[in-house]
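Colleague: Letter 32 of the sequence shown, counting from 1, is numbered 32 in my numbering, and no numbers are missing. Built from N, CA and C at the ideal position, the CB exists for glycine as well.
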Amino acid sequence: MEYKVLSRKYRPKKLKEVIGQDFTVKTLTNAFSQEKLAHAFLFTGIRGVGKTTIARIIAMGLNCEKEKKPTANPCSICSNCKAILQDRYEDVLEIDAASNTGVDDVREIISSLKYRPSKGNYKVFIIDEVHMLSNSAFNALLKTIEEPPSFVKFIFCTTEIQKIPITIVSRCQKYNLNRVTLTALCDYLEEIVELEKLDVSKQAISVIARNSEGSIRDSLTILDQCILSFNNENITVESVNQTMGLTSQSFLLDLYINIVNGDINNANNVLNNIYKNGAAPKQIIDDLLNVTYNLISSLAANKNIEIYEKDKFQTIIDKCDIPFLNQVWHMLLRGKDEVNKVSHQIEALEILIIRIAYSSQLPSLETVVKKIKEDNNDELNLDVNDNNIGNDIKKILDAFPEGKVLKN
Ligand SMILES: [Zn+2]
C-alpha cells in the first residue's frame, strides 16, 4: 500500500474533526445550518493550521450528494466527496496563487464562470496563498467576487492578510485561524500515537508540540520524520532533538548548571561538546533562550516543565530567580546579534557564556544596596519615593549595569 504521511492520512474530512479552531468551526457550522454562506471566504493564519483543509471541507459540504442541502459535515464517501478528496473533481479548482499570479490566470477563472457546474451544485475556486496575486489580478477579481453567479464560491487562503487589498478583504467572510494551543497539539499527537501504535514517550510528544509553534502540519511532519529516523522504536526527547537538529537537552542543562555555578571552564567544555556534535552557535543560543523561557515560566507558575530531566532542571531552579533569568534572557538576545558580527561565531558564543557565568557570581543588587547602606551608617537615602534621593540609587545602578540577583 502507498505510504501516506500522517498529515495527509489524518486530514479532517468534516468541520467537526478540525483541531484547535473551535470558533471558526462553530461560525461556519452555523453558516451552513442557517444557509447563510457567503460568496467569498477568506481564511488567514500561519502555515499548517487548517486553511486549505477547511476550504476543501466547504467544497465537499457544498457538493456532497448525501444531503439535499449544503452541510458542514460532508459524508466523504459519496462520489462527489471522494472525487474532491482525491483532487479530481472538475468543479472544485485549487489554484496556487504563488505560481498563477497574473491577470490572465484570473481572467481564465472568470470566463469559466458562465458555465454551470457539470455535476454537483457548486463551482468552488480555492485560491491558496492569495496574497501573491498581482494588483491587476486582484482588480479583475473584484467585481466577480462581489456578485458571482449563485453557483460559484470563492475561498481564499493566506498567511499574509496584510498584503491583500482591503477592497477584496471587505468583500469576503473572514476567518482568522489561531495557532493551535500546546495542550490541544499534545492531546492530538497522543491520539495519533495511540491510533498508529507508535512508540513515542510523552515528553517527546511535548517537545514535538513545542517545536511546531502551533502548526498541526509541522507537528505531524516532525513526528513522521522521528518514526522514520528511529524505526518507531523508543522515540524519546533525545530522538526528537536529534531528528530536528536541536541541541541535546541533557547537554544544554549541563551547560546551564555550569553557567549558574559560575564555572567558566566546565561551561566552555560542555559548550564545545555541543558544538562538536554539530549544533550551530545561533541554534545553541536559541536553545538556551528556550531553556531560560521554560525556567522563568516554571518559576512564575510554580510548575514542572516535563520535557527536561527533573534533577538537573531543579538544580538550576534552586539557584535562580526571575530577575536573574530575565537578565540572562537579555544577555542571550544581545549575544544573538553579536554572533552575526564576527566570522568565528563560536568565539562570540564562548565570550557570551563567560559573560553570563561571570555575571551569575556578582553580588545581588539587593546585597549591594544593603552593604552600601551599612557602610555609610545609613546615610544613603534609599527611599525610592523621595525624588531627592534618586541620585544615590542611580549611582548604584550605574555601577552595576549587569547587576544580578541570585538567591543567597
Ligand atoms: Zn458526500
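Is it buried or exposed for F41, if we count other Cβ within 10 angstroms and need 16 for buried?
Modeller: In the sequence shown, the residue the question calls residue 41 occupies position 41. Looking at its Cβ environment, which holds 16 or more other Cβ atoms inside 10 Å, F41 is buried.
Colleague: Taking 7 Å as the cut-off, does the CB of I58 come closer than this to any heavy atom belonging to ligand 1?
Modeller: As a first step, residue 58 must be located in the sequence shown, where it is residue number 58. Incorrect: I58 has no Cβ contact closer than 7 Å to ligand 1.
Colleague: Fully enclosed by the stretch 236-260, which alpha helix (DSSP H) runs are 4 residues long or longer?
Modeller: Here the runs fully enclosed are 237-244 and 249-260.
Colleague: Give the DSSP-derived three-state secondary structure of K404 in the structure shown.
Modeller: As a position in the sequence shown, residue 404 is number 404, starting the count at 1. With a pLDDT of only 46 at K404, under 50, the local geometry of the prediction cannot be trusted, and the value read off the model is given with reservation. The answer is strand: DSSP assigns K404 an E or B state.
Colleague: Taking the beta strand (DSSP E) that K153 falls in, what are its first and last residues?
Modeller: In the sequence shown, the residue the question calls residue 153 occupies position 153. Here the beta strand (DSSP E) through K153 covers V152 to T158.
Colleague: Measuring only the C-alpha atoms, how far is S297 from L352?
Modeller: Position 297 of the sequence shown, counted from the first residue, corresponds to residue 297. Position 352 of the sequence shown, counted from the first residue, corresponds to residue 352. Roughly 23 Å separates the two Cα atoms.
Colleague: Assuming Q249 contacts I307 (C-beta within less than 8 Å), just tell me the rounded distance between them.
Modeller: Indexing the sequence shown from 1 puts residue 249 at position 249. Indexing the sequence shown from 1 puts residue 307 at position 307. The pair is a contact, with the Cβ atoms about 7 Å apart (cut-off 8 Å).
Colleague: In terms of residue numbering, what span does the beta strand (DSSP E) encompassing I95 cover?
Modeller: As a first step, residue 95 is located in the sequence shown; it is residue number 95 there, counting from the start. That run of the beta strand (DSSP E) goes V92 to D96.
Colleague: Measuring CA to CA, which of S219, D128, M244 and N176 is closest to R8?
Modeller: Against the sequence shown, residue 8 aligns to sequence position 8. Looking at the Cα atoms, S219 is the closest of the given residues.
Colleague: Please classify I77: is it buried, with 16 or more other beta-carbons within 10 angstroms of its beta-carbon, or exposed?
Modeller: Taking the first residue of the sequence shown as 1, we reach residue 77 at position 77. Classification of I77: exposed, given that the 10 Å Cβ count is below 16.
Colleague: Let me know the secondary structure DSSP gives A40 once reduced to three states.
Modeller: Here residue 40 corresponds to residue number 40 of the sequence shown, with the count starting at 1. Strand.
Colleague: On the three-state DSSP scale, how would you describe K319?
Modeller: Within the sequence shown, residue 319 is the residue found at index 319, counting from 1. Three-state DSSP puts K319 in a helix.
Colleague: Among all the DSSP beta bridges, which residues are the ones paired with Y175?
Modeller: Within the sequence shown, residue 175 is the residue found at index 175, counting from 1. Answer is F43.
Colleague: Might you give, ordered along the chain, the residues of its own chain that have their beta carbon closer than 6 Å to the beta carbon of F23, omitting 5 neighbours on each side?
Modeller: Position 23 of the sequence shown, counted from the first residue, corresponds to residue 23. Contacts found: none.
Colleague: When the Cα of I259 is compared with those of F151, S99, M244 and E350, which residue comes out closest?
Modeller: Taking the sequence shown and counting its residues from 1, the one referred to as residue 259 is at position 259. Closest by alpha carbon: E350.
Colleague: Should I257 and K312 be called a contact, given that it needs their Cβ atoms to be closer than 8 Å?
Modeller: Start at 1 with the first residue of the sequence shown, and residue 257 comes out as number 257. Start at 1 with the first residue of the sequence shown, and residue 312 comes out as number 312. Yes, these two residues count as a Cβ contact at 8 Å.
Colleague: Applying the criterion that 16 or more other CB atoms from any shown protein chain within 10 Å of the CB defines a buried residue, is I58 buried or exposed?
Modeller: As a working mapping, residue 58 is identified with position 58 in the sequence shown. Under this definition I58 is a buried residue.
Colleague: Measure the Cβ-Cβ separation of I126 and I166 and say whether it is below 8 Å.
Modeller: Residue numbering aside, residue 126 sits at position 126 when the sequence shown is read from its first letter. Residue numbering aside, residue 166 sits at position 166 when the sequence shown is read from its first letter. For I126 and I166, no; Cβs fall outside 8 Å.
Colleague: Helix, strand or coil for I127, going by three-state DSSP, please let me know.
Modeller: Counted from its first residue, the sequence shown places residue 127 at position 127. If DSSP states are grouped into helix, strand and coil, I127 belongs with the strands.
Colleague: Can you check the stretch 278-362 for any beta strand (DSSP E) of at least 3 residues that lies completely inside it and give the ranges in chain order?
Modeller: Correct list: empty.
Colleague: Which partner residues of V200 appear in the DSSP bridge assignment?
Modeller: To locate residue 200, count along the sequence shown from 1; it is residue 200. In DSSP, V200 forms a bridge with I235.
Colleague: Quick check: the Cα distance between N408 and D318, rounded to an integer number of angstroms?
Modeller: In the sequence shown, the residue the question calls residue 408 occupies position 408. In the sequence shown, the residue the question calls residue 318 occupies position 318. Per-residue confidence for N408 stands at a pLDDT of 37, beneath the threshold of 50, marking its modelled position as unreliable; the derived number appears in the next sentence. Roughly 10 Å separates the two Cα atoms.
Colleague: Under the rule that 16 or more other beta-carbon atoms within 10 Å means buried, what is E90, buried or exposed?
Modeller: Taking the sequence shown and counting its residues from 1, the one referred to as residue 90 is at position 90. Answer is exposed; the Cβ neighbour count stays below 16.
Colleague: Could you check where the alpha helix (DSSP H) with L195 kicks off and where it finishes?
Modeller: In the sequence shown, the residue the question calls residue 195 occupies position 195. That run of the alpha helix (DSSP H) goes L182 to L195.
Colleague: Exposed or buried, what is N80 when buried is set at 16 or more other beta-carbons lying within 10 Å of its beta-carbon?
Modeller: One-based indexing of the sequence shown puts residue 80 at position 80. When all chains shown are included, N80 counts as buried.
Colleague: To the nearest angstrom, report how far apart I354 and V103 are at their CA atoms.
Modeller: Locating residue 354 in the sequence shown gives position 354, counting from the first residue. Locating residue 103 in the sequence shown gives position 103, counting from the first residue. Cα-Cα distance, rounded: 58 Å.
Colleague: Quick check on this structure: which residue in V18, Q361 and Y3 has the alpha carbon closest to the alpha carbon of N178?
Modeller: Walking along the sequence shown from the start, residue 178 turns up at place 178. Residue V18 is the option with its Cα nearest to N178.
Colleague: When the distance is taken between beta carbons, is T52 closer than 8 Å to C157?
Modeller: The residue labelled residue 157 in the question sits at position 157 within the sequence shown. The residue labelled residue 52 in the question sits at position 52 within the sequence shown. For C157 and T52, yes; Cβs fall inside 8 Å.
Colleague: Find the nearest neighbour of Q361 within the set N261, E374, V106 and L288, judged by alpha-carbon distance.
Modeller: If you number the sequence shown from 1, residue 361 lands on position 361. Q361 has its Cα closest to that of N261, out of N261, E374, V106 and L288.
Colleague: Indicate the three-state DSSP secondary structure (helix, strand or coil) for K369 in the structure shown.
Modeller: On the sequence shown, position 369 is the one that residue 369 refers to. For clarity, residue 369 is Val in the given sequence; the question names Lys instead. Residue state, collapsed to three classes: helix.
Colleague: Among the candidates K119, L185, F324 and G214, whose CA atom is the shortest distance from the CA of G45?
Modeller: Mapped onto the sequence shown, residue 45 falls at position 45. Taking only the C-alpha atoms, the option nearest G45 is G214.
Colleague: Give me, in chain order, the residues of the same chain whose beta-carbon lies closer than 6 Å to that of P70; leave out the 5 immediate sequence neighbours on both sides.
Modeller: Numbered from 1 along the sequence shown, position 70 holds the residue referred to as residue 70. Same-chain partners within the cutoff: F32, G61 and L62.
Colleague: According to DSSP, is L15 helix, strand or coil?
Modeller: Start at 1 with the first residue of the sequence shown, and residue 15 comes out as number 15. The answer is helix: DSSP assigns L15 an H, G or I state.
Colleague: Assign N231 to one of two classes, buried (16 or more other C-beta atoms within 10 Å of its C-beta) or exposed (fewer than that).
Modeller: Residue mapping note: residue 231 aligns to position 231 of the sequence shown, counting from 1. So N231 ends up on the exposed side.
Colleague: Measuring only from the beta carbon, is N80 closer than 7 Å to any heavy atom that is part of ligand 1?
Modeller: Here residue 80 is taken as the residue at index 80 of the sequence shown, counted from 1. Yes, the beta carbon of N80 sits closer than 7 Å to at least one heavy atom of ligand 1.
Colleague: Just to confirm, are L289 and L325 a CB contact at a threshold of 8 Å?
Modeller: What you label residue 289 is simply residue 289 of the sequence shown in a count that begins at 1. What you label residue 325 is simply residue 325 of the sequence shown in a count that begins at 1. For L289 and L325, no; Cβs fall outside 8 Å.
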